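Participant: The structure under discussion is supplied below as structure tokens; questions concerning it will follow.
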Amino acid sequence: MLAFLPPSPPPLARPVLRMERPELQATLGAAFEGALDNLLTTNTVAADPKVYNRTGLMRGARFFRAGGGYAQPWTRDASVNSWNAGSLLAPDVARDTLFAVTAPNLIGTPIVQRDNQWWDKVIWIVAAWNHYRVTGDRDFLRDAYAISERTLREMRTERYSARDGLFLGPSFFNDGIAGYPAPPAKLDDSGSSFVLDHKGADRLMTLSTNSLYVGAYRALGAMARESRRSSQMWEDAANTLKTRIDRRFWIPAQSRYGYLLNEQGALDPSQEGAGLAFSILFDVASATRGRAMLRAAHVEPYGVTDVWPHFPRFSDDHPGRHNVIVWPVVQGFWARAAVKLRDEAAFTSELTKLAGLASKRGGKFFEI
Numbered sequence: 001m002l003a004f005l006p007p008s009p010p011p012l013a014r015p016v017l018r019m020e021r022p023e024l025q026a027t028l029g030a031a032f033e034g035a036l037d038n039l040l041t042t043n044t045v046a047a048d049p050k051v052y053n054r055t056g057l058m059r060g061a062r063f064f065r066a067g068g069g070y071a072q073p074w075t076r077d078a079s080v081n082s083w084n085a086g087s088l089l090a091p092d093v094a095r096d097t098l099f100a101v102t103a104p105n106l107i108g109t110p111i112v113q114r115d116n117q118w119w120d121k122v123i124w125i126v127a128a129w130n131h132y133r134v135t136g137d138r139d140f141l142r143d144a145y146a147i148s149e150r151t152l153r154e155m156r157t158e159r160y161s162a163r164d165g166l167f168l169g170p171s172f173f174n175d176g177i178a179g180y181p182a183p184p185a186k187l188d189d190s191g192s193s194f195v196l197d198h199k200g201a202d203r204l205m206t207l208s209t210n211s212l213y214v215g216a217y218r219a220l221g222a223m224a225r226e227s228r229r230s231s232q233m234w235e236d237a238a239n240t241l242k243t244r245i246d247r248r249f250w251i252p253a254q255s256r257y258g259y260l261l262n263e264q265g266a267l268d269p270s271q272e273g274a275g276l277a278f279s280i281l282f283d284v285a286s287a288t289r290g291r292a293m294l295r296a297a298h299v300e301p302y303g304v305t306d307v308w309p310h311f312p313r314f315s316d317d318h319p320g321r322h323n324v325i326v327w328p329v330v331q332g333f334w335a336r337a338a339v340k341l342r343d344e345a346a347f348t349s350e351l352t353k354l355a356g357l358a359s360k361r362g363g364k365f366f367e368i
């Protein structure tokens, strides 16, 4: 008996970027091609519906995996990959990527999946709203609104500090304890590398994660308006949280927000690259404050870093993995924040640095 395999899907179409200046084509152009290859070739992979279509919402059998060394999409990465480019370049794959990280809740209705990296998963809501804006897919909007509302209500119940008026949990994508001061880290940097294995890490309140919640509230409000529902509750929640972030995190002497509050409410004044970027992108910071942050921020020779400066247990020669290290995902959001505020100099600087790093590695983008 002959077995017939289904035909392979056609290759994804790609935009083309051409520049008159050869030196720019060799740097920015090569980085552009490398980024497309990274997303549309290296990390667009087959998805097993039996494993990933837990809610029955996927239509196809491909998704964006988290990266070259990871087989799964992961909530955070699925959202970032779809939001930053996937929904525009490969909308069908992006749609399935977003739904691949949803799962039934205890009563069988879909929510963003529950796992041990829960703190920043509301970025899915931001990515879902962006997907609708790009595609106009109203069936997607219907499902995404319901998933987003259930997820945000659940997180409000489980991870919100009524005392502080802030959401609890580590910072965006920083799942390594190297990205945090001591405590919750140990002074000798011993123990598990996973942040939540350290006492008190789940009680932190961070700039990036709380800014993401503002973005999630705003995105859900926009979905509600588009669905002809009341958005007032979500808009009010976004504004209340924005005010609380302003009061608790802003450092006037440094013209920027600090990094995190510990359980006792003490502010760590470190610079968090993604946190500052999100505060601009989600209108936590006023335009005046945002421009001040872009001017005042410390940027290393190869770009803005995850966190700066290094914590005392590290050194300039050996910073921690989630510390004074350049991550392309942080650079991308920083450049995007500069675009939002029309800071051409900051955008050009970060884009050039990011492209330069890719060109040093044959047009390839690495995690760090």
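Quick note: the sequence shown uses this note's numbering, first residue 1, plus one each step.
Cβ coordinates follow ideal geometry from the N, Cα and C atoms, glycine included.
Because the structure is a prediction, the values reported are computed rather than measured.
By DSSP's criteria, A224 is part of a beta bridge. Which residues make up the other side?
Facilitator: Taking the first residue of the sequence shown as 1, we reach residue 224 at position 224. A224 is not bridged to any residue.
Participant: Taking F333 as the reference, give the member of V51, S211, T109, K186 with the closest Cα.
Facilitator: For the purposes of this step, residue 333 is taken as residue 333 along the sequence shown, with counting starting at 1. Checked all of V51, S211, T109, K186; the closest Cα to F333 is S211.
Participant: DSSP puts L260 in a beta bridge; with which residues?
Facilitator: Residue 260 sits at position 260 when you count from the first residue of the sequence shown. Looking at the DSSP assignment, L260 forms a beta bridge with T206, D268.
Participant: Between the alpha carbons of A292 and N239, how many angstroms are there, rounded?
Facilitator: Counting from one through the sequence shown, the residue named residue 292 turns up at place 292. Counting from one through the sequence shown, the residue named residue 239 turns up at place 239. Those two C-alpha atoms are separated by around 21 Å.
Participant: V126 and W83 - do their beta-carbons sit closer together than 8 Å?
Facilitator: Indexing the sequence shown from 1 puts residue 83 at position 83. Indexing the sequence shown from 1 puts residue 126 at position 126. Taking 8 Å as the Cβ cut-off, W83 and V126 qualify as a contacting pair.
Participant: State buried or exposed for V16, treating a residue as buried only when at least 16 other CB atoms are found within 10 Å of its CB.
Facilitator: Here residue 16 refers to the residue found at position 16 of the sequence shown. Per the 10 Å Cβ criterion, exposed.
Participant: Can you give the beta carbon distance from W129 to A13, rounded, assuming they're within the 8 Å contact cut?
Facilitator: Looking up residue 129 in the sequence shown gives position 129. Looking up residue 13 in the sequence shown gives position 13. That belief does not hold up - the Cβ atoms of W129 and A13 are roughly 24 Å apart, past 8 Å.
Participant: Please go through the segment 89-125 and give each complete alpha helix (DSSP H) segment of 4 or more residues, from N-terminal end onward.
Facilitator: Listed in chain order, the complete alpha helix (DSSP H) runs (minimum 4 residues) inside the segment 89-125 are 91-100.
Participant: In terms of alpha-carbon separation, which member of G34, T41, A61, L39 lies closest to A47?
Facilitator: What you label residue 47 is simply residue 47 of the sequence shown in a count that begins at 1. For the residues G34, T41, A61, L39, the minimum Cα distance to A47 belongs to A61.
Participant: Within this structure, are the beta carbons of H318 and A178 separated by less than 8 Å?
Facilitator: As a working note, residue 318 is residue 318 in the sequence shown. As a working note, residue 178 is residue 178 in the sequence shown. Not a contact, by the Cβ cut-off of 8 Å.
Participant: Do V330 and F282 have their CB atoms nearer than 8 Å?
Facilitator: Residue mapping note: residue 330 aligns to position 330 of the sequence shown, counting from 1. Residue mapping note: residue 282 aligns to position 282 of the sequence shown, counting from 1. Their beta carbons are not under 8 Å apart, which means V330 does not touch F282 by this criterion.
Participant: Pull up the DSSP beta-bridge partners for W250, would you.
Facilitator: Translated into the one-based positions of the sequence shown, residue 250 becomes position 250. Answer is Y257.
Participant: Taking 8 Å as the threshold (C-beta atoms), are S349 and G275 in contact?
Facilitator: As a working mapping, residue 275 is identified with position 275 in the sequence shown. As a working mapping, residue 349 is identified with position 349 in the sequence shown. Contact flag unset, no.
Participant: So what's E300 in DSSP terms, helix, strand or just coil?
Facilitator: Mapped onto the sequence shown, residue 300 falls at position 300. Strand at E300.
Participant: Run the CB neighbour count on I107, radius 10 Å, all protein chains shown included, and call it buried at 16 or more, exposed below.
Facilitator: Taking the first residue of the sequence shown as position 1, residue 107 is located at position 107. Per the 10 Å Cβ criterion, exposed.
Participant: Evaluate contact between the segment 87-104 and the segment 182-200, counting only Cβ atoms and requiring at least three cross-stretch pairs below 8 Å.
Facilitator: No, the segment 87-104 is not in contact with the segment 182-200.
Participant: Count the C-beta pairs between the segment 24-33 and the segment 342-358 that are closer than 8 Å, then say yes if the count reaches three, no if not.
Facilitator: Touching, yes.
Participant: Along the chain, where does the beta strand (DSSP E) that runs through V45 open and close?
Facilitator: By 1-based counting over the sequence shown, the position of residue 45 is 45. Segment 44-46, the beta strand (DSSP E) holding V45.
Participant: Using CA atoms only, rank isn't needed, just tell me which of L260, T41, A337, P269 is closest to A285.
Facilitator: To locate residue 285, count along the sequence shown from 1; it is residue 285. That would be A337, whose Cα lies nearest to the Cα of A285.
Participant: Please look up how many angstroms separate the CB atoms of G34 and K364, rounded, as I've assumed it's under 8 Å.
Facilitator: Along the sequence shown, one-based indexing puts residue 34 at 34. Along the sequence shown, one-based indexing puts residue 364 at 364. Correct: roughly 6 Å between the Cβ atoms.
Participant: Count the other C-beta atoms from every protein chain shown that fall within 10 angstroms of the C-beta of N116, then say buried if there are 16 or more, exposed otherwise.
Facilitator: To locate residue 116, count along the sequence shown from 1; it is residue 116. By the 10 Å Cβ count, N116 comes out exposed.
Participant: In the structure shown, what three-state DSSP assignment does Y160 receive?
Facilitator: For the purposes of this step, residue 160 is taken as the residue at position 160 of the sequence shown. Of the three classes helix, strand and coil, the one that applies to Y160 here is strand, per DSSP.
Participant: Can you tell me which of the three DSSP states P67 falls into?
Facilitator: In the sequence shown, the residue the question calls residue 67 occupies position 67. The sequence as given places Gly at residue 67; Pro does not occur at that position. G67: strand per DSSP, three-state reduction.
Participant: Hey, is the segment 179-187 in contact with the segment 305-317, meaning 3+ C-beta pairs nearer than 8 Å?
Facilitator: The segment 179-187, when compared against the segment 305-317, does touch it at the 8 Å Cβ threshold.
Participant: I need the DSSP call for W308, collapsed to helix, strand or coil.
Facilitator: Indexing the sequence shown from 1 puts residue 308 at position 308. Here W308 sits in strand by DSSP.
Participant: To the nearest angstrom, how far is the alpha carbon of F4 from that of G320?
Facilitator: Looking up residue 4 in the sequence shown gives position 4. Looking up residue 320 in the sequence shown gives position 320. Summary for F4: the model assigns pLDDT 39, below 50, so the residue's position carries little reliability, and this model does not support an answer.
Participant: To the nearest angstrom, how far is the alpha carbon of V80 from that of S87?
Facilitator: Locating residue 80 in the sequence shown gives position 80, counting from the first residue. Locating residue 87 in the sequence shown gives position 87, counting from the first residue. Rounded to whole angstroms, V80 to S87 spans 10 Å at the Cα level.
Participant: Which residue comes first and which comes last in the alpha helix (DSSP H) that contains D77?
Facilitator: As a working note, residue 77 is residue 77 in the sequence shown. Run containing D77: 75-81, per the alpha helix (DSSP H) assignment.
Participant: Tell me whether M19 is buried or exposed, calling it buried when 16 or more other Cβ atoms sit within 10 Å of its Cβ.
Facilitator: Locating residue 19 in the sequence shown gives position 19, where the first residue counts as 1. M19 is exposed by the Cβ-count criterion.
Participant: Spatial neighbours of F311 within its chain, please: CB distance less than 6 Å, with the 5 preceding and 5 following residues excluded, ordered by chain position.
Facilitator: Taking the sequence shown and counting its residues from 1, the one referred to as residue 311 is at position 311. Excluding residues within five positions, the ones whose Cβ falls inside 6 Å are P181.
Participant: Just curious, the alpha helix (DSSP H) that I280 is in, first and last residue?
Facilitator: Numbered from its first residue, the sequence shown carries residue 280 at position 280. Start and end: 273-281.
Participant: Going by DSSP, name the residue or residues bridged to G136.
Facilitator: Locating residue 136 in the sequence shown gives position 136, counting from the first residue. Paired residues: none, contrary to the question.
Participant: Report all residues from its chain with a CB closer than 8 Å to the CB of T42; omit the five preceding and five following residues, and keep chain order.
Facilitator: Within the sequence shown, numbered from 1, the residue matching residue 42 stands at position 42. G68, listed in sequence order.
Participant: Should S315 go down as buried or exposed, given a rule of 16 or more other Cβ atoms within 10 Å for buried?
Facilitator: By 1-based counting over the sequence shown, the position of residue 315 is 315. Exposed: under 16 other Cβ atoms inside 10 Å.
Participant: How long is the line joining the alpha carbons of R228 and A219, rounded to whole angstroms?
Facilitator: Your numbering for residue 228 matches position 228 in the sequence shown. Your numbering for residue 219 matches position 219 in the sequence shown. Rounded to the nearest angstrom, the two C-alpha atoms are 14 Å apart.
Participant: Could you pull the start and end residues of the alpha helix (DSSP H) that S230 belongs to?
Facilitator: Here residue 230 refers to the residue found at position 230 when the sequence shown is read from its first residue. Counting along the chain, S230 falls outside any alpha helix (DSSP H), and DSSP gives it neither H nor E.
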